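Engineer:
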């Protein structure tokens, strides 16, 4: 993944992900040695990078699951990669206001249109959010989480954070081979007053936006992304 870091105020530049380190690991944590993207509010990315065709998908507040289903006239499926109790990544803990050693169900899936793997999705469901009305989220299997969230009365979605992602990060499973940078987004949901997080990475088989856009310029070394203020 093409992780990002701030070189100086007002600029986002390409930078390697933080190096792996054995220091400071939480015993039993799932993020020991894992390098995650640097997530920034969507407003930090300028219009030349977030073209209208990219914005229509990346910043859409509706159900991505439903859009993918509609686009392919129902030729849609969910492939469950992993679902278990783990310690979320540090930035996920901060987003969900979790303590460092608190565990959550972390669910990773691939969204497919026909045979094409188009989106990698990672959901973080804190234990405290999986009681009462949300207890059924423990047993989703291959059911799309989005189909449930967007049919729940009173669900609220916080503003998106975005990241540029490439193979230098280890946020994606190792068998997903990236040939260049891709967009990722994430947001915090409030469902019945309980928080959870969903991130979605648009893989290279995802084709609704043009083949040539800001990510390809970044891949060729087009230097600096100047965020809006």
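Residue numbers (my numbering): 1207 to 1435. For glycine and all other residues, C-beta sits at the position ideal for the given N, C-alpha and C. Computed from a prediction, not measured in an experiment: that's the story for all the values here.
With which residues is residue 1406 paired in a DSSP beta bridge?
Structural biologist: Its beta-bridge partners are 1327, 1391.
Engineer: Could you give the C-beta distance for residue 1251 and residue 1325, rounded to a whole number, given that I count them as a contact under 8 Å?
Structural biologist: Actually they are not in contact, since the Cβ atoms of residue 1251 and residue 1325 sit about 19 Å apart, beyond 8 Å.
Engineer: Using beta-carbon positions only, say whether residue 1271 and residue 1350 come within less than 8 Å of one another.
Structural biologist: Yes. Within cutoff.
Engineer: Run the CB neighbour count on residue 1361, radius 10 Å, all protein chains shown included, and call it buried at 16 or more, exposed below.
Structural biologist: Burial call: exposed.
Engineer: Evaluate contact between the region 1279-1292 and the region 1395-1404, counting only Cβ atoms and requiring at least three cross-stretch pairs below 8 Å.
Structural biologist: They do not touch, by the three-pair rule.
Engineer: Which residue from 1330, 1253, 1383, 1288 puts its Cα closest to that of residue 1295?
Structural biologist: Checked all of 1330, 1253, 1383, 1288; the closest Cα to residue 1295 is 1330.
Engineer: Would you please state the rounded distance, in angstroms, between the beta carbons of residue 1285 and residue 1316? I believe it to be under 8 Å.
Structural biologist: 4 Å between Cβ atoms; contact.
Engineer: For residue 1328, is the classification buried or exposed, using 16 other Cβ atoms within 10 angstroms of its Cβ as the cut-off for buried?
Structural biologist: With 16 or more other Cβ atoms within 10 Å, it is buried.
Engineer: Quick check on DSSP: helix, strand or coil for residue 1291?
Structural biologist: Note: residue 1291 maps to strand in three-state DSSP.
Engineer: Between the region 1387-1394 and the region 1365-1376, do at least 3 Cβ pairs fall closer than 8 Å?
Structural biologist: With the cut-off at 8 Å, the region 1387-1394 and the region 1365-1376 touch.
Engineer: Kindly identify the DSSP beta-bridge partner or partners of residue 1247.
Structural biologist: Looking at the DSSP assignment, residue 1247 forms a beta bridge with 1367.
Engineer: The beta strand (DSSP E) with residue 1319 in it runs from where to where?
Structural biologist: 1310-1319 is the extent of the beta strand (DSSP E) around residue 1319.
Engineer: Can you tell which of 1290, 1289, 1274 has its C-alpha closest to the C-alpha of residue 1283?
Structural biologist: For the residues 1290, 1289, 1274, the minimum Cα distance to residue 1283 belongs to 1274.
Engineer: Taking just the CA atoms, how far does residue 1323 sit from residue 1263?
Structural biologist: Going by the C-alpha atoms only, they are around 16 Å apart.
Engineer: Residue 1298 by DSSP, collapsed to three states: which one?
Structural biologist: Note: residue 1298 maps to helix in three-state DSSP.
Engineer: Could you tell me how far apart the beta carbons of residue 1241 and residue 1376 are, in whole angstroms, since I believe they sit closer than 8 Å?
Structural biologist: That belief holds up - the Cβ atoms of residue 1241 and residue 1376 are roughly 5 Å apart, short of 8 Å.
Engineer: Quick check: the Cα distance between residue 1410 and residue 1388, rounded to an integer number of angstroms?
Structural biologist: Between residue 1410 and residue 1388, the C-alpha separation is close to 7 Å.
Engineer: By the three-class DSSP mapping on this structure, what secondary structure does residue 1256 have?
Structural biologist: Coil.
Engineer: How would you write the range of the alpha helix (DSSP H) that residue 1352 sits in, first residue to last?
Structural biologist: Where residue 1352 is concerned, the enclosing alpha helix (DSSP H) stretches over 1351-1355.
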